[in-house]
Amino acid sequence: MSFAQYFKLIPKGFVSNDNSDFTVVNVPNAKQKDLYKNVLNAINSMYSNPQKGLSVVEGESISITAYEKEVLPIKLSNGLGKSIRKYDLSYKLTFLFKDGKIRINSPDFEARRYVESTYRGASGWTGDEWVTLKLVKVGKSKLYLFEDDGKVRFEDAYSGLNNHFNSLLKQIMEKSQNINNW
13 MSFAQYFKLI PKGFVSNDNS DFTVVNVPNA KQKDLYKNVL NAINSMYSNP QKGLSVVEGE
73 SISITAYEKE VLPIKLSNGL GKSIRKYDLS YKLTFLFKDG KIRINSPDFE ARRYVESTYR
133 GASGWTGDEW VTLKLVKVGK SKLYLFEDDG KVRFEDAYSG LNNHFNSLLK QIMEKSQNIN
193 NW
């Protein structure tokens, strides 16, 4: 699958191709209010209940906060081999508008999954808890994406996150361009 790469994931989060925390999509000859309306319509058509997570400044900006269950599969070692665990994603996408331009801020996200209590032998049971995939190592956690040298630890999680957000943004941009063409 080949398409515009809006952002790539690095240890500090998503960055654009020029390493900034936003990217600009040029839409020549388009008015700010039309770009705003088209992106808003695209988002409304893609999410089942967008109003719940929608925050807008009329004609100027749109932020959508969303939650998707089990959309990021990660192959993890479980002591006996590797098994696939699916992580939920919660995220925020923000769009700002000017005549002829749409600014997309870097996605903010959290990837986590719910782990039910398990028996740990001599140390007993561990409780139910949410575990979060961190970008970089925090404390003794083994669940992080980038080593200290920037090397990717879980390739499937890395490519999964990059693909998820870039294809989501691509879908919103494509839908927003097709709104008034009926």
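Position 8 (the sequence shown) corresponds to 20 in the working numbering; numbering is contiguous.
Yeah, the Cβ is synthetic: ideal placement off N, Cα and C, and Gly gets one too.
Keep in mind the model is a prediction, meaning the values are calculated, not measured.
Host alpha helix (DSSP H) of residue i (start-end)
i: phenylalanine 109; result: Segment 94-110 is the beta strand (DSSP E) holding phenylalanine 109; no alpha helix (DSSP H) there.
i: asparagine 117; result: Run containing asparagine 117: none in the alpha helix (DSSP H); it sits in the beta strand (DSSP E), 113-117.
For residue i, the residue or residues it bridges with in DSSP
i: glutamate 122; result: Ser102
i: valine 148; result: Phe158
i: glutamate 141; result: Val127
Residue i, DSSP secondary structure in three states
i: leucine 173; result: helix
i: lysine 182; result: helix
i: serine 67; result: strand
i: glutamate 167; result: helix
i: asparagine 61; result: coil
i: serine 188; result: helix
Endpoints, beta strand (DSSP E) assigned at residue i
i: phenylalanine 158; result: 156-158
i: serine 75; result: 73-89
Close-in-space but distant-in-sequence residues of the same chain around residue i (CB under 6 Å, 5 per side omitted)
i: isoleucine 55; result: Pro62, Ile76
i: aspartate 33; result: Ser118
i: asparagine 175; result: none
Q.
Which runs of the alpha helix (DSSP H) at least 4 residues long sit entirely within the region 16-59? Give them in chain order.
A. Complete alpha helix (DSSP H) runs here, min 4: 44-58.
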